[in-house]
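The next block holds one structure in the form of structure tokens; read it before the comments.
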Amino acid sequence: MSITNLMIDEHKKIDEYLKKFLERFGEAHFKFFEEKLREHFGMEKGIIFTLTEKFLGKELNEIFKLKEQHKEILVGLANIRKKLPDGAKDLIQTLVKDLSAHTRYEEHFFYPKIDDMLDEEQKSEITQEIRKIL
Ligand SMILES: [Fe+2]
Ligand SMILES: [Fe+2]
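Sequence positions in the sequence shown follow our numbering and run 855 to 988.
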């Protein structure tokens, strides 16, 4: 399986957790979503970004950009958490917009690009590492 398809599946799960939170606005749902998103970013950084740069033998600007977006989104989450259960509507709107732009960029540009750049063996090493922690 390509890294792109595996990540599309993971993003769907994250979207479901976000949807549950947006439907009910409960703090427990928020915490669960936040935890899952943190884990997802950690997996991207710790496995996909790290191994891709190792295999390619160079740093990629796109990875730098994605890591910065992760940081910004996590700051946004922390700010929302402080204002729950009320008063976080604008922050939540921004988060939903930023996260969806981030995810679209990964699914339509970044992951297809590294699927092209890496060979089958490298890709299967990455997807196996990911499956170990899913
Ligand atoms: Fe990401
Ligand atoms: Fe992602």
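Just so it is clear, CB atoms sit at the ideal spot from N, CA and C, and this is done for glycine as well.
Computed from a prediction, not measured in an experiment: that's the story for all the values here.
Residue i (DSSP reduced to helix, strand or coil)
i	result
residue 879	coil
residue 855	coil
residue 988	coil
Residues near residue i in its chain [Cβ-Cβ closer than 7 Å; skip 5 each side]
i	result
residue 930	945, 948, 949 and 952
residue 909	972 and 976
residue 868	890, 891 and 894
residue 913	907
Cβ-based neighbour list, residue i, same chain, cut-off 6 Å, excluding 5 preceding and 5 following
i	result
residue 942	934
residue 969	856, 857 and 858
residue 874	883
Cβ shell of residue i (< 8 Å), same chain only, five flanking positions each side left out
i	result
residue 920	898, 903, 956, 959, 960 and 964
residue 871	883, 886, 887, 890 and 891
residue 967	916
What residues come near ligand 1, if near means a beta carbon less than 6 Å from any of its heavy atoms? 895, 898, 920, 924, 956 and 960
Going along the chain, which unbroken runs of the beta strand (DSSP E) with 3 or more residues stay wholly within the region 902 to 986? Restricted to the region 902 to 986, not a single beta strand (DSSP E) segment is unbroken, complete and at least 3 residues in length.
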